[in-house]
Every structure is written in C-alpha cells, then in structure tokens.
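S.K.:
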Ligand code: ZN
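In this note's numbering, the protein residues as written are 42 to 315.
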C-alpha cells in the first residue's frame with residue numbers, strides 16, 4: 042500500500058512518546074496522519090494539541106475512543122452518555138475523521154449479553170444527534186469475541202452493520218483486522234459495509250501464534266497469520282480509499298523498542314506486506 046495512506050495510531054508508540062513527541066516524530070518520519078487516544082490528548086491539553094496538529098499540518102484519521110455504553114442504573118447511564126458527548130466534542134476539536142467506538146461489555150455482575158447489546162444501540166442512538174451536528178461520524182469497531190465480557194459485545198462485522206442499519210446516518214464501521222480476520226463471513230460483510238458507504242477506517246496489525254497476552258501482544262504486519270493482502274483487497278473492492286492505521290498493542294515487543302525504529306519497520310511493512 043502506498044505510504045500516503047498510512048496513519049499511525051498512537052497506541053503503537055504509547056509507551057515511548059507523548060502526544061507532542063509523536064506529532065514531531067511522525068512528521069520527521071514522513072507520516073502526516075495519526076490517530077490519537079483521548080488520554081494522550083488530555084495529557085497534552087486539547088488547545089495545545091490543536092495547535093500542534095495545525096503547526097505540523099497533521100491529519101487525524103480517528104479519535105480513540107468513545108463507547109463503553111452498557112450500564113447498570115441511571116447514574117452509570119448518565120456517565121456513559123456524558124463521557125461520549127465529551128468524546129464527540131474532542132473529536133470535533135481536533136478535526137478527527139471519526140470517533141472510534143469500543144462499545145463496551147457487560148455491566149459488572151451482569152449475565153445479560155442481549156441486554157447489554159440493546160443498551161449499546163440505545164445509547165448510540167442517544168448521542169447520535171450531537172455527533173451529527175458536530176460533524177463527527179461514529180465508527181463502531183467490532184471487537185474479537187474474546188473481549189465480549191469486558192470490552193465490547195459487538196463482535197462481528199455483521200453485527201456492526203446491523204446496528205448501522207438500525208441507527209442510520211452518521212454511524213459507520215471501523216474494520217480492525219485483529220478483531221475480524223477469523224470471521225467466515227468477512228468478505229461478504231466487508232462488501233456490505235462498502236455498499237452502504239460506511240467504512241470509516243481500517244486498522245492494521247497481525248495475529249501472533251502463540252498470542253501470549255489477549256490485549257497487548259499484537260504483531261507487526263507480516264509477523265503473524267492474517268492474510269493481510271487478501272483482506273485489504275476486499276476492503277479496496279468495497280471502495281475504501283481512506284487512511285489505514287497501524288495499531289499495535291505490544292507490551293512484549295514493540296513498546297520496548299525505540300519509537301523511531303517502530304515507525305521505520307511499520308512503514309516498510311505497510312509497503313511490502315499490506
Ligand atoms: Zn482498532
């Protein structure tokens with residue numbers, strides 16, 4: 042894939058760099074698109090982050106993340122709504138292409154996954170008017186089913202597409218290879234997402250064998266077992282022409298290396314593998 046389409050998701054260098062260092066470092070590496078996380082922005086301060094983005098001429102492919110909707114009781118519901126409204130404001134403030142939604146697992150003590158899924162639909166629909174008027178598309182990112190209990194009970198692209206069908210304008214899908222590569226219906230659902238014009242992002246990394254940690258042992262593209270060119274071809278044919286984020290949570294490897302080296306390897310693999 043041509044380097045112009047690379048966006049560096051700042052989770053990839055979160056242990057090495059602050060937001061400011063990442064902006065400078067990515068610019069020096071010839072990367073002009075990034076996707077920050079809210080804690081990184083908060084640490085920098087939104088006003089200062091905005092200035093850095095504009096001074097360095099950076100584009101923001103997405104802001105990670107809103108979501109965590111399922112609630113137990115009125116207080117938790119209000120907190121989830123408020124936090125997501127703040128996330129929409131932050132995404133608008135930095136000109137993010139979308140707000141990525143990690144929709145949330147079951148409320149504490151609950152065994153009701155169907156109910157949690159209903160609450161996700163309910164609260165996205167609740168915040169959607171604000172997202173629309175702020176011009177911030179909401180990107181539902183289905184997560185691998187191993188995260189259904191604690192991170193998201195939206196686990197397949199089909200489920201994300203069904204949600205988008207229900208919710209309408211202003212909601213789309215972020216496709217992360219790590220979460221969906223195993224799905225036997227993947228090619229059809231990618232085509233469906235594309236037909237509806239709702240692919241908001243593509244996240245790249247690889248699935249290592251063995252995986253030593255379920256959250257923080259993702260691989261660099263080419264080091265694992267995902268047929269990245271195959272899936273990328275499906276996403277291409279579905280009409281997606283936007284940024285492709287390199288997003289690697291790697292406590293055991295890449296977070297321990299100098300960030301400049303991580304960026305160089307990511308660039309090489311983006312061109313040679315993806
Ligand atoms: Zn992702």
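Ideal Cβ placement from N, Cα and C applies to all residues, glycine included.
#1: Taking the alpha-carbon positions, what's the residue 258 to residue 219 distance?
#2: Identify whether residue 71 lies in helix, strand or coil by the three-state DSSP scheme.
#3: Note down, in chain order, each residue of its chain lying with its Cβ closer than 6 Å to the Cβ of residue 275, except the 5 sequence neighbours on either side.
#4: Determine whether the beta carbon atoms of residue 104 and residue 137 lie at a separation below 7 Å.
#5: Starting from residue 152, trace the alpha helix (DSSP H) in both directions and tell me its first and last residue.
#6: Tell me whether residue 105 sits in a helix, a strand or coil according to DSSP, three-state version.
#7: Check whether the Cβ of residue 185 sits closer than 6 Å to any heavy atom of the ligand ZN, and report yes or no.
#8: Do three or more CB pairs link the stretch 87-100 to the stretch 141-149 at distances below 8 Å?
#9: With a threshold of 6 Å on Cβ separation, who are the neighbours of residue 177 within its own chain once the five nearest residues in sequence on each side are excluded?
#10: Quick one, are the C-beta atoms of residue 184 and residue 192 less than 7 Å apart?
#11: Of the choices 196, 179, 135, whose alpha-carbon is the least far from that of residue 158?
#12: Taking the straight line between their C-alpha atoms, what separation do you get for residue 68 and residue 267?
#13: Compare the Cα-Cα distances from residue 112 to each of 78, 154, 106 and report the closest residue.
#14: If you draw a straight line from the alpha carbon of residue 82 to that of residue 60, how long is it in whole angstroms?
#15: Compare the C-alpha of residue 62 against each of 93, 237, 241, 151 and name the closest.
#16: Considering residue 50, what are the terminal residues of the beta strand (DSSP E) in which it resides?
#17: Look up residue 181 in the DSSP assignment and give the residues it is bridged to.
#18: My output table needs one value for residue 288: the three-state DSSP class, helix, strand or coil.
#19: With DSSP as the reference, identify every bridge partner of residue 247, one or two as the case may be.
#20: Do you know how far the Cα of residue 212 is from the Cα of residue 180?
#21: Which residue or residues does DSSP assign as beta-bridge partners of residue 240?
#22: Sort out for me which residues DSSP pairs residue 76 with in a bridge.
#23: Using 7 Å as the threshold, is the C-beta distance between residue 221 and residue 201 below it?
#24: To the nearest angstrom, how far is the alpha carbon of residue 54 from that of residue 306?
#25: Please report the Cβ distance between residue 287 and residue 245, rounded to the nearest whole angstrom; I am assuming they are in contact, meaning their Cβ atoms lie under 8 Å.
#26: Buried or exposed for residue 15, going by 16 or more other Cβ atoms inside 10 Å?
#27: Quick check: the Cα distance between residue 119 and residue 254, rounded to an integer number of angstroms?
#28: Taking 6 Å as the cut-off, is the beta-carbon of residue 217 closer than that to any non-hydrogen atom of the ligand ZN?
M.R.: For this structure:
#1: In the chain shown, the residue the question calls residue 258 occupies position 217. In the chain shown, the residue the question calls residue 219 occupies position 178. Rounded to whole angstroms, residue 258 to residue 219 spans 11 Å at the Cα level.
#2: For the purposes of this step, residue 71 is taken as residue 30 along the chain shown, with counting starting at 1. Three-state result, residue 71: coil.
#3: For this step, residue 275 is matched to residue 234 along the chain shown. Excluding positions up to five away in sequence, the list reads 228, 231.
#4: Counted from its first residue, the chain shown places residue 104 at position 63. Counted from its first residue, the chain shown places residue 137 at position 96. Yes, the pair counts as a contact, with Cβ atoms nearer than the cut-off.
#5: Within the chain shown, the letter at position 111 stands for residue 152. Premise fails: residue 152 is in no alpha helix (DSSP H) and is neither H nor E.
#6: The residue given as residue 105 occupies position 64 in the chain shown. Here residue 105 sits in strand by DSSP.
#7: Stepping through the chain shown from its first residue, residue 185 is reached at position 144. No, the Cβ of residue 185 stays beyond 6 Å of every heavy atom of the ligand ZN.
#8: no
#9: What you label residue 177 is simply residue 136 of the chain shown in a count that begins at 1. The residues are 129, 132, 133, 140.
#10: For this step, residue 184 is matched to residue 143 along the chain shown. For this step, residue 192 is matched to residue 151 along the chain shown. Contact: yes.
#11: As a working note, residue 158 is residue 117 in the chain shown. Considering only alpha carbons, the answer is 196.
#12: The residue labelled residue 68 in the question sits at position 27 within the chain shown. The residue labelled residue 267 in the question sits at position 226 within the chain shown. Distance between the alpha carbons of residue 68 and residue 267: 29 Å.
#13: Along the chain shown, read from residue 1 onward, the residue named residue 112 stands at position 71. The candidate whose alpha carbon is nearest that of residue 112 is 154.
#14: The count along the chain shown starts at 1 and reaches residue 82 at position 41. The count along the chain shown starts at 1 and reaches residue 60 at position 19. Spanning the two alpha carbons is a distance of roughly 7 Å.
#15: Within the chain shown, residue 62 is the residue found at index 21, counting from 1. Closest option to residue 62, Cα to Cα, is 93.
#16: As a working note, residue 50 is residue 9 in the chain shown. Note, residue 50: beta strand (DSSP E), 47-50.
#17: Taking the chain shown and counting its residues from 1, one reaches residue 181 at position 140. Looking at the DSSP assignment, residue 181 forms a beta bridge with 142, 214.
#18: Walking along the chain shown from the start, residue 288 turns up at place 247. If DSSP states are grouped into helix, strand and coil, residue 288 belongs with coil.
#19: Position 206 of the chain shown, counting from 1, holds the residue named residue 247. BP columns for residue 247 point to 260.
#20: Residue 180 sits at position 139 when you count from the first residue of the chain shown. Residue 212 sits at position 171 when you count from the first residue of the chain shown. Roughly 6 Å between the two C-alpha positions.
#21: Along the chain shown, one-based indexing puts residue 240 at 199. Answer is 214.
#22: Position 35 of the chain shown, counted from the first residue, corresponds to residue 76. For residue 76, which the question treats as bridged, DSSP gives the partners 50.
#23: The residue you call residue 221 lines up with position 180 of the chain shown. The residue you call residue 201 lines up with position 160 of the chain shown. No, these two residues do not count as a Cβ contact at 7 Å.
#24: As a working mapping, residue 54 is identified with position 13 in the chain shown. As a working mapping, residue 306 is identified with position 265 in the chain shown. Distance between the alpha carbons of residue 54 and residue 306 is about 12 Å.
#25: Along the chain shown, one-based indexing puts residue 287 at 246. Along the chain shown, one-based indexing puts residue 245 at 204. Right, their Cβ atoms sit about 5 Å apart.
#26: With the chain covering 42 to 315 only, the question about residue 15 has no answer from this structure.
#27: Along the chain shown, read from residue 1 onward, the residue named residue 119 stands at position 78. Along the chain shown, read from residue 1 onward, the residue named residue 254 stands at position 213. Those two C-alpha atoms are separated by around 33 Å.
#28: On the chain shown, residue 217 is found 176 positions in, with the first residue counted as 1. Result yes, Cβ under 6 Å from the ligand ZN.
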